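If you use the working numbering, the sequence shown closes out at 430, no skipped numbers anywhere. Heads up: the structure comes next, in structure tokens.
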Amino acid sequence: MTQRRLLIVAHAPSPNTQTLLDAVVGGARSDENK
Numbered sequence: 397m398t399q400r401r402l403l404i405v406a407h408a409p410s411p412n413t414q415t416l417l418d419a420v421v422g423g424a425r426s427d428e429n430k
């Protein structure tokens, strides 16, 4: 099976966008997405 990759490019200048970035990265790393 081919390994999947996701490139996330983010600029997180505020606490809210940092929280959003953390959620996106956490979701992308979740075992449910395999």
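Cβ coordinates follow ideal geometry from the N, Cα and C atoms, glycine included. Predicted, not measured: the structure shown is a model, and the values here were computed from it.
Backbone CA spacing between residue i and residue j [nearest angstrom]
i, j, result
"leucine 402", "alanine 424", "8 Å"
"threonine 398", "aspartate 418", "26 Å"
"proline 409", "valine 421", "16 Å"
"histidine 407", "aspartate 427", "25 Å"
"glutamine 414", "isoleucine 404", "13 Å"
"arginine 400", "leucine 416", "22 Å"
Collapsed DSSP secondary structure at residue i in the structure displayed
i, result
"alanine 406", "coil"
"threonine 398", "coil"
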